[in-house]
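**Student:** First the structure, then my questions, so here it is.
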Amino acid sequence: MIYLLCSPFFGEWAFFNVFRYITFRSMAALITALILSIVIGPLFIRWLRRLKFGQPIHEDVAAHAAKAGTPTMGGLLIIFCLGVSVLLWGDLSNVYLWLTMLVFLGFGLVGFLDDFKKIREHNNKGISAKTKFLAQCVIAALAMLVLVYEPAYSTKLSIPFLKDVAPDLGWFYLPFAVFIMVAASNAVNLTDGLDGLAIGPTIVAGGVFSIFIYVTGHAAFSSYLLLPYTPGVGEVTVFCGALVGAGLGFLWYNAYPAQVFMGDVGSLSLGGVLGFLAVLCKQELLLGIVGGLFVAETLSVILQVSYFRWTGGKRIFRMAPLHHHYELKGVPESKIIIRFWITSILLGLVALSFLKLR
Ligand code: 57M
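All residue numbers for the sequence shown refer to my numbering, where the first residue is 15 and numbers rise by one.
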């Protein structure tokens, strides 16, 4: 909004030019979302408590009994602060920015309905897995239908490390991108089982993608780094800034011992939008490295469930997802969380090194 309000003065008064720069507005979006969430966080948590939006807790991991009643749906705080910040600092005439918001809010709505049903019925069931999956696919497909019609957007798939190989997937790109978004959304959801465990790697991924998105929207940088160039995509860096800020602000209250959980409204929206960011900057495969921790948690579930079925009841891990395995081995929760964060920072740095390695 500030961008559009200031645009008549660009070039007239040097002072206003600063609002033109994506880098400045992204930083401003980060700081706005961070401060806003820290300031309104306590009011918001009190409001959730008053509405009795407390998380039903499973009894199979004893250490979690003490978490009973912790308010959930903290993802609404992330959505609100991020939304306000993007509206303030983004160029609201940019189609990529709106598409990113559509994916974020759409996946968030699915998560909200799931959380709401769990809370209303006082159990952990929520909406059926099938309905949730279908709704996620519809939202992702809608966003992709608009995206593939954008003349500047390409359906080519870039392969990390290889600069000359980029197969054009054509219409097959659409289901492929839908798969990326839905898989990322569910992977973040599976990871969200310890205080700060999902938001930490999400912040790292948001930071890494802010760089890839900025470069993808910059003709000179993308040509120098041999990355695909999509004019206009750079504006989504403002969203990434707000994502990092709102994520840090949420972590302020979700850090161990958590005062609030993000709920499905948070995990599904954040995961879905990370998938979309990867698709936007044409780094779909690199998401597997940036979000390697989410991949590891998901793989642990796939392996555990397959092995369990195949052997008629035997397990590879003490419990899946992976974080439960370490919990049951007696590793303190805060140690698991910090080690998982360190791993995700390492993976983020590896992914950044791909900027030049090709
Ligand atoms: C949701 N939700 C957390 C909170 C959060 C297929 C199977 C592996 C599915 C999996 C599952 O249901 N995963 C998705 C995980 C829950 O957190 C809520 O849910 C939101 C995210 N969707 O925001 O609202 C609990 O996690 C803890 N928590 C924290 N801090 C946080 O910041 O401590 C969450 C956020 C909260 C709180 O205790 O209540 C969850 O874990 O339920 N299922 C599982 O993960 C289950 N695993 C399992 O059954 N494994 C079997 C299978 C695969 C064969 C096995 O290995 O033998 C475990 N879930 C739990 N206890 N809670 C089983 C043990």
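Beta carbons: idealized from backbone N, C-alpha and C, even for Gly.
Can you give me the Cβ contacts of Val179 inside the same chain, cut-off strictly under 7 angstroms, excluding the 5 residues immediately before and after it?
**Tutor:** These residues qualify, in order along the chain: Ile173.
**Student:** Look up Lys296 in the DSSP assignment and give the residues it is bridged to.
**Tutor:** For Lys296, which the question treats as bridged, DSSP gives no partner whatsoever.
**Student:** Taking Arg134 as part of the alpha helix (DSSP H), name the residues at either end of that continuous run.
**Tutor:** Residues Val109 to Glu135.
**Student:** Do you know offhand how far Pro215's Cα is from Ile359's?
**Tutor:** One C-alpha to the other measures close to 7 angstroms.
**Student:** Quick one: what's got a C-beta closer than 8 angstroms to Val109's C-beta in the same chain, skipping five residues either side?
**Tutor:** The residues are Val160, Glu164 and Gly246.
**Student:** From Leu111, Gly184 and Val192, pick the residue whose C-alpha is nearest to that of Phe147; which is it?
**Tutor:** Cα-wise, what sits closest to Phe147 is Val192.
**Student:** So, with DSSP's three-state summary, where would you put Lys170?
**Tutor:** Looking at Lys170 - three-state DSSP - the assignment turns out to be strand.
**Student:** From Leu183 to Val162, what distance separates their C-alpha atoms?
**Tutor:** Those two C-alpha atoms are separated by around 11 angstroms.
**Student:** Would DSSP call Gly68 helix, strand or coil?
**Tutor:** Note: Gly68 maps to strand in three-state DSSP.
**Student:** Between Thr84 and Ile352, what straight-line distance do the alpha-carbon atoms span, to the nearest angstrom?
**Tutor:** One C-alpha to the other measures close to 21 angstroms.
**Student:** Does DSSP put Asp278 in a helix, a strand or coil?
**Tutor:** In this structure, Asp278 counts as helix in the three-state DSSP scheme.
**Student:** Along the chain, where does the alpha helix (DSSP H) containing His1 start, and where does it finish?
**Tutor:** Outside the shown range of the chain (15 to 372) lies residue 1, about which nothing can therefore be said.
**Student:** What residue range does the alpha helix (DSSP H) around Gly373 cover?
**Tutor:** Limits of the chain in this structure are 15 at one end and 372 at the other, which puts residue 373 out of reach.
**Student:** Going along the chain, which residues of its own chain have a beta-carbon closer than 7 angstroms to the beta-carbon of Leu208, five neighbours each way excluded?
**Tutor:** Answer for Leu208: His337, Glu347, Ile350 and Ile351, listed in chain order.
**Student:** Any heavy atom of the ligand 57M closer than 7 angstroms to the CB of Gln150?
**Tutor:** No, the Cβ of Gln150 stays beyond 7 angstroms of every heavy atom of the ligand 57M.
**Student:** Ala47: which of Trp61, Arg60, Cys95 and Pro56 sits nearest, CA to CA?
**Tutor:** The candidate whose alpha carbon is nearest that of Ala47 is Cys95.
**Student:** Please confirm whether Cys295 and Phe223 have their CB atoms less than 8 angstroms apart.
**Tutor:** In this structure, Phe223 lies closer than 8 angstroms to Cys295 by Cβ.
**Student:** Of all the options Leu188, Val287 and Trp266, which has the alpha carbon lying nearest to the alpha carbon of Asn377?
**Tutor:** The requested residue 377 is not part of the displayed model; the chain covers only 15 to 372.
**Student:** Using only CA atoms, which one of Ser51, Lys144 and Gly140 lies nearest to Val98?
**Tutor:** Closest option to Val98, Cα to Cα, is Ser51.
**Student:** How about His72: is its Cβ closer than 7 angstroms to a heavy atom in the ligand 57M?
**Tutor:** Flag set: Cβ of His72 near the ligand 57M.
**Student:** Leaving out five residues on either side along the sequence, give the residues of the same chain with a beta carbon under 7 angstroms from the beta carbon of Ala310.
**Tutor:** Around Ala310: Leu336.
**Student:** Given a cut-off of 8 angstroms on the beta-carbon distance, is the pair Met195 and Ala154 in contact?
**Tutor:** In this structure, Ala154 lies closer than 8 angstroms to Met195 by Cβ.
**Student:** Alpha carbon to alpha carbon, how far is Val250 from Ile93? Give it in angstroms, no decimals.
**Tutor:** For Ile93 and Val250, the distance between alpha carbons rounds to 16 angstroms.
**Student:** Quick one: give me the first and last residue of the alpha helix (DSSP H) that Ala191 is part of.
**Tutor:** First-last of the alpha helix (DSSP H) with Ala191: Tyr187 to Thr205.
**Student:** Per DSSP, Pro22 is paired with what?
**Tutor:** DSSP lists no partner for Pro22.
**Student:** Thinking Val252 and Gly104 are a contact (beta carbons under 8 angstroms), I'd like their distance in whole angstroms, please.
**Tutor:** Yes, they are in contact, since the Cβ atoms of Val252 and Gly104 sit about 5 angstroms apart, within 8 angstroms.
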